[in-house]
Amino acid sequence: MASPVFSNPAVEPFRVGQLPRQRAPAEDLTQYAGHIPVSEDGQGSLFFWLMLNTTLIPDIQAPDKVNKLIVWFNGGPGCTSLDGVFLENGPFQFAAEDDTVERREWSMTEQAVMLYVDQPLGTGFSYAPIADYARDYTVSTDHFLTFLTKFWALFTELRDFDIYLAGESQAGVYIPYIAQEMLRRNDDHAQGAPFPLRGASIGSAWLDPLIQYQALFDFSTLHQLHPASQNNALRELWEQCRADYVQHAPRISSPVCENGVTRYLDLSNPAEGQCYNSYDYRLVDTIPDCGMNWPPKIHVFTEYFRQPEVWRALHVGDRRWDQWNECNTQVGKRLANTINRPSVDLLPDLLDQIPIMLINGDKDILCNYLGVERSNQHMTWGGHQGFREPRFQTWRVDGGEAGYYRSERNLTYVRLFNASHMAGVDAPLELFDLMARLIGTDRSRYAYKSDLLPVVSLG
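Each residue of the sequence shown is one higher than the one before, counting from -9 in my numbering.
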């Protein structure tokens, strides 16, 4: 296996070889995985999976190396970033015919070094006593930055790589909080070497809770996802949600509103015993799952990471993970009543310093495009409220219209056509192109074409 050279021999115990059920060796990938402690008593550790494409980066110490590091977070809160590895943008997927592990096209490892992290504590293969799970996002941010500092102490050659934070859903909270603290510490030179943060990308971002909760009901009406006979019931759910949120603001979520979302999904049933998939309204699921049996292969995914041979391959220690799940609900419960400010409040200051890309699949219900677009227009940044150009550009990939696009004052927003909450499931090439635009990849090296067309009015 070709390998970049890390000078620190302490990284070798983290080295990942061939994965169980892998069809063929991934000779162009060098991988490391395992735990890094983040709590003072050593009982809490975050799991990471680092991937380097050695065709792209033949020598990590070369002066002309590709020096981009993308850190990926999934949402929840409490959902593993292995979703990214196997279901969205990583180099692996489960084969349709026999569930073996095969390579994925348009992996982000073709552009940059990828670092997938399970956080907050308790997420995926990360662990801690439940009493030590984060109770607010400032604590989880501190845990992550402790992790990153220790990660750099091991993988020292990555220390000067440009960092881009990327993720989806609840990463719309994680990423602004992490970015804010990185930039704050950069201003405080007494706290050591700066974090080379260069940008962020968030899909289906949870940014402005009150706007997004209302948009759920409006989106359902717009796309006729519930019968007209339920209009009054849904209106009442929204009024209860709004009253509770306003009474207890600011916060990231509302238990009353979350119960309203669950009730909405039950009411919007397309057939007896069925509900719309809350992540993709083109699909239906059974009540009360409403999307929890998706994406395709999610049950294969769960079974795979419950296997001891997989634990050994990823160096997750002697702990038993036979009850491992994609999402740990206890993590979400600990963060449910946090009084942290909505992350949309952090964006204006961040946009003064770094570019941010927001991407929304147009078939997502929960974090739908109506809410994010309204949040954009409600927000003031760079001296103006909202996007000043009222029209969108059309964005085309390989000759087909891929979505609508706006970009002003360091904020780029994309409404991605025919894509779900996990847009990488539906549109991996399109997301590859968007990330290339954000991090400055030379797109001419790849076998596809994309362009921006004249602005269009959606009014």
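We put the CB at the ideal spot given by N, CA and C, even for glycine. Remember, it's a predicted structure, so these values are computed and weren't measured experimentally.
Is the beta carbon of GLU158 less than 8 angstroms from the beta carbon of ILE192?
Remark: C-beta atoms of GLU158 and ILE192 approach each other more closely than 8 angstroms.
Under 8 angstroms between the Cβ atoms of LEU421 and ASN79?
Their beta carbons are under 8 angstroms apart, which means LEU421 touches ASN79 by this criterion.
Can you give the Cα-Cα distance for GLY114 and TRP228, rounded to whole angstroms?
Each residue's CA atom was taken as its position, placing GLY114 and TRP228 some 33 angstroms apart.
Are the Cβ atoms of ARG296 and TRP284 separated by less than 8 angstroms?
Their beta carbons are not under 8 angstroms apart, which means ARG296 does not touch TRP284 by this criterion.
With a Cβ-Cβ cutoff of 8 angstroms, do ASN520 and ASP73 count as a contact?
Only positions -9 to 449 of the chain appear in the structure, and residue 520 is not among them; the question remains open.
How would you call ALA(-8), buried or exposed, if buried means at least 16 neighbouring beta carbons within 10 angstroms?
Note on ALA(-8): pLDDT 41, under 50, position unreliable in the model; the coordinate value appears next. Looking at its Cβ environment, which holds fewer than 16 other Cβ atoms inside 10 Å, ALA(-8) is exposed.
Between the CA atoms of GLN214 and ARG405 - distance to the nearest angstrom:
Taken atom to atom, the span from the alpha-carbon of ARG405 to that of GLN214 is near 20 angstroms.
Go ahead and pull the three-state DSSP assignment for ALA233.
Here ALA233 sits in helix by DSSP.
Nearest candidate by alpha-carbon position, reference LYS58, set ILE50, ASN64, GLY65
It is ILE50 whose Cα lies nearest to the Cα of LYS58.
Taking the Cβ atom as the reference point for each residue, do ASN358 and PHE145 lie within a distance shorter than 8 angstroms?
No; because the gap between Cβ atoms is not below 8 angstroms, this pair is not in contact.
Just how far apart, CA to CA, sit ALA14 and PRO418?
So the alpha carbons of these two residues sit roughly 22 angstroms apart.
Cβ neighbour criterion (16 or more within 10 Å) applied to HIS238:
Classification for HIS238: exposed.
Can you tell me whether DSSP reads GLY414 as helix, strand or coil?
DSSP, reduced to helix, strand and coil, places GLY414 within a helical segment of the structure shown.
Terminal residues of the continuous alpha helix (DSSP H) containing CYS265?
No alpha helix (DSSP H) holds CYS265; the beta strand (DSSP E) holding it covers 264 to 267.
Proximity winner among ILE168, TYR394, THR20, LEU356, relative to ARG381 (alpha-carbon distances)
For ARG381, the nearest C-alpha among the options comes from TYR394.
Rounded to whole angstroms, what's the CA-CA distance from ASP270 to ASP31? Just pull it up for me.
Taking the straight line from one Cα to the other gives about 42 angstroms.
Cβ neighbours of ILE26 in the same chain (closer than 7 angstroms, five flanking residues each side left out):
Correct list, in chain order: SER35, LEU36, PHE38, PHE137, LYS140, PHE141.
So, with DSSP's three-state summary, where would you put PHE(-4)?
For PHE(-4), the three-state secondary structure derived from DSSP is coil.
Just mark ARG149 as buried or exposed, buried being the case when its beta carbon has 16 or more other beta carbons within 10 Å.
So ARG149 ends up on the exposed side.
Note down, in chain order, each residue of its chain lying with its Cβ closer than 6 angstroms to the Cβ of LEU304, except the 5 sequence neighbours on either side.
ALA23, listed in sequence order.
Report the option in GLY66, LEU257, GLU248 whose CA atom is closest to the CA atom of THR211.
Nearest C-alpha to THR211: LEU257.
Does the beta-carbon of VAL329 have 16 or more other beta-carbons within 10 angstroms, so that it is buried, or is it exposed?
Looking at the sequence itself, residue 329 is Ile, so the reference to Val does not match. With fewer than 16 other Cβ atoms within 10 Å, it is exposed.
Just how far apart, CA to CA, sit CYS69 and SER219?
Distance from the CA atom of CYS69 to the CA atom of SER219, rounded to whole angstroms, is 35 angstroms.
CA-CA distance, ARG309 and LEU356?
Cα to Cα, the separation comes out at about 34 angstroms.
So what's THR431 in DSSP terms, helix, strand or just coil?
Secondary structure of THR431 (DSSP, three-state): coil.
Is the beta carbon of PRO345 closer than 8 angstroms to that of THR431?
A distance of 8 angstroms or more separates the beta carbons of THR431 and PRO345.
Work out the CA separation of LEU206 and ALA0 for me, nearest whole Å.
Between the alpha carbons of ALA0 and LEU206 lies a gap of roughly 49 angstroms.
Please classify ASN366 as buried or exposed, where buried requires at least 16 neighbouring CB atoms within 10 angstroms.
Buried is the call here.
Assign PRO253 to one of three DSSP states: helix, strand, or coil.
A quick correction: the sequence has Arg, not Pro, at residue 253. Here ARG253 carries a helix assignment [DSSP, helix/strand/coil].
I'd like to know whether the C-beta atoms of PHE63 and GLN109 end up nearer to each other than 8 angstroms.
Closer than 8 angstroms, so yes.
DSSP on GLN375, reduced to helix/strand/coil?
Here GLN375 carries a strand assignment [DSSP, helix/strand/coil].
Starting from the N-terminal side, write out each stretch of the beta strand (DSSP E) that is 3 residues or longer and does not extend beyond the region 91 to 137.
Within the region 91 to 137, complete beta strand (DSSP E) segments of at least 3 residues are found at 91 to 93, 103 to 108, given in chain order.
By how many angstroms is the C-alpha of PHE(-4) removed from the C-alpha of SER268?
Each residue's alpha carbon lies about 43 angstroms from the other.
May I ask you to report which of helix, strand or coil DSSP gives ASN176?
The answer is helix: DSSP assigns ASN176 an H, G or I state.
Provide the residue span of the alpha helix (DSSP H) that contains HIS213, from first to last.
Where HIS213 is concerned, there is no enclosing alpha helix (DSSP H), given that its DSSP letter is neither H nor E.
Suppose you measure from the CA of GLY361 to the CA of HIS368; what does that come to, to the nearest Å?
Going by the C-alpha atoms only, they are around 10 angstroms apart.
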